[in-house]
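This report refers to the structure that appears directly beneath it.
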Amino acid sequence: MRGPSMSQPFLLAPIAECAPGPPGAQVRLAVLGARGVGKSAMIVRFLTKRFIGDYEPNTGNLYSRLVHLEGDHVAVQIQDTPGCIQVQEDCVQVLDSLSRCAKWAEGFLLVYSITDYSSYQSVRPLYQHIRKVHPDARTPVIIVGNKADLLHARQVQAKEGLQLANELGSLFLEISTSDDSQGVCDVFQYLCKEVSKLQHTGSADRRRSSIIPRPRSPNMQDLKRRFKQALSSKVK
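No gaps in the numbering here: position 151 of the sequence shown is 150 in numbering that gives the first Met the number 0, and each next residue is one more.
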């Protein structure tokens, strides 16, 4: 994704928000990564099927849309984030916006550009911070190598992305937001499904934990035994 064009005005049609859905029919996703990796373009590509290459610096937009998911309509909220991590001499600064976003979201896309090795290096600390907020390893995280069409400018090999994903226990995909609309949709659809499955699992766990077993009523033999014990203690 190129930087904002100075010769043309920034134009982006607003994405209509959906009405709040019923409980359990809402999925909250966050797209994280270094600046300029194509996060905003990915989200807009998924929601509108259009690719727009020029963006103003992102201040953290929240998009809402009804998405058809396995026969149901699910209200999907996607948090777009600014370049919220800085890597300087192996020192990582995590901004407050990242912490708030990590607490809010239920599923994550960690995006880097295959043309920018420093953006690849920012993925691990992002993942580690998410796991501090969500220590349950079931929280779905997908690592995405974007701009796969720019092979002539590649700085990060696919095997490096795959190796990192294996080390972190995450899924890895390379996509081209500009050339592959279906690939972008597949990534978001998969993440929505994983979050939805986790929601249903959590609901089932809560239902089971809310069932308190009734105390066993004493039967006649128990009452006779207790009566004999009480009587013998009085005789002594």
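For glycine and all other residues, C-beta sits at the position ideal for the given N, C-alpha and C.
Could you spell out the range, first to last residue, of the beta strand (DSSP E) harbouring S112?
In the sequence shown, the residue the question calls residue 112 occupies position 113. Note, S112: beta strand (DSSP E), 106-112.
Exposure of Q78, with buried meaning 16 or more beta-carbon neighbours within 10 Å
Here the question's residue 78 lines up with position 79 in the sequence shown. Counting Cβ neighbours within 10 Å, Q78 comes out buried, since at least 16 surround it.
Would you report the Cα separation of Q156 and I113, rounded to the nearest angstrom?
Working through the sequence shown from its first residue, we reach residue 156 at position 157. Working through the sequence shown from its first residue, we reach residue 113 at position 114. Approximately 7 Å, taken between the alpha carbons.
Determine the DSSP secondary structure at N165, reduced to helix, strand or coil.
By 1-based counting over the sequence shown, the position of residue 165 is 166. In this structure, N165 counts as helix in the three-state DSSP scheme.
Any chance the segment 66-77 sits against the segment 158-174, with 3 or more Cβ pairs inside 8 Å?
no
Using DSSP's beta-bridge definition, name the partner residues of V143.
Translated into the one-based positions of the sequence shown, residue 143 becomes position 144. DSSP lists V110, L172 as partners of V143.
Check whether the Cβ of G59 sits closer than 7 Å to any heavy atom of the ligand MG, and report yes or no.
With respect to the ligand MG, the structure shown offers nothing to examine, as it has no ligands at all.
Among T138, D179, N145, F171, which residue has its Cα nearest to the Cα of C191?
Stepping through the sequence shown from its first residue, residue 191 is reached at position 192. Of the listed residues, the one whose Cα sits closest to C191 is T138.
So for R1, helix, strand or coil by DSSP?
Counting from one through the sequence shown, the residue named residue 1 turns up at place 2. Confidence in R1 is poor, its pLDDT being 37 and thus under 50, which makes the residue's placement too unreliable to answer from.
Span of the beta strand (DSSP E) around R27
Within the sequence shown, numbered from 1, the residue matching residue 27 stands at position 28. Counting along the chain, the beta strand (DSSP E) containing R27 begins and ends at 25-32.
Roughly how many angstroms lie between the CA atoms of A147 and Q127, to the nearest whole one?
In the sequence shown, residue 147 corresponds to position 148, counting from 1. In the sequence shown, residue 127 corresponds to position 128, counting from 1. About 25 Å.
Could you name the residues of the same chain whose beta carbon sits closer than 8 Å to that of H72, not counting the 5 residues immediately before and after it, in chain order?
Taking the first residue of the sequence shown as position 1, residue 72 is located at position 73. Closer than 8 Å at Cβ, skipping near neighbours: G20, A24, L65, V66.
6 Å Cβ shell around L149 - same chain, five flanking residues per side excluded
To locate residue 149, count along the sequence shown from 1; it is residue 150. So the list reads T114, once near-sequence residues are dropped.
Measuring CB to CB, does V140 end up less than 8 Å from S169?
As a position in the sequence shown, residue 140 is number 141, starting the count at 1. As a position in the sequence shown, residue 169 is number 170, starting the count at 1. Contact flag set, yes.
Excluding the 5 residues flanking C184 on each side, which residues of the same chain have their C-beta closer than 7 Å to its C-beta?
Within the sequence shown, residue 184 is the residue found at index 185, counting from 1. The residues are F45.
Would you list the one or two residues that DSSP bridges to H72?
As a working mapping, residue 72 is identified with position 73 in the sequence shown. DSSP lists H67 as partners of H72.
If you reduce the DSSP assignment to three classes, tell me which class L149 lands in.
Working through the sequence shown from its first residue, we reach residue 149 at position 150. Correct three-state label for L149: coil.
For K38, count neighbouring C-beta atoms within 10 Å of its own C-beta (all shown protein chains included) and say buried if the count is 16 or more, exposed if not.
Within the sequence shown, the letter at position 39 stands for residue 38. Its Cβ being crowded by 16 or more others within 10 Å, K38 is buried.
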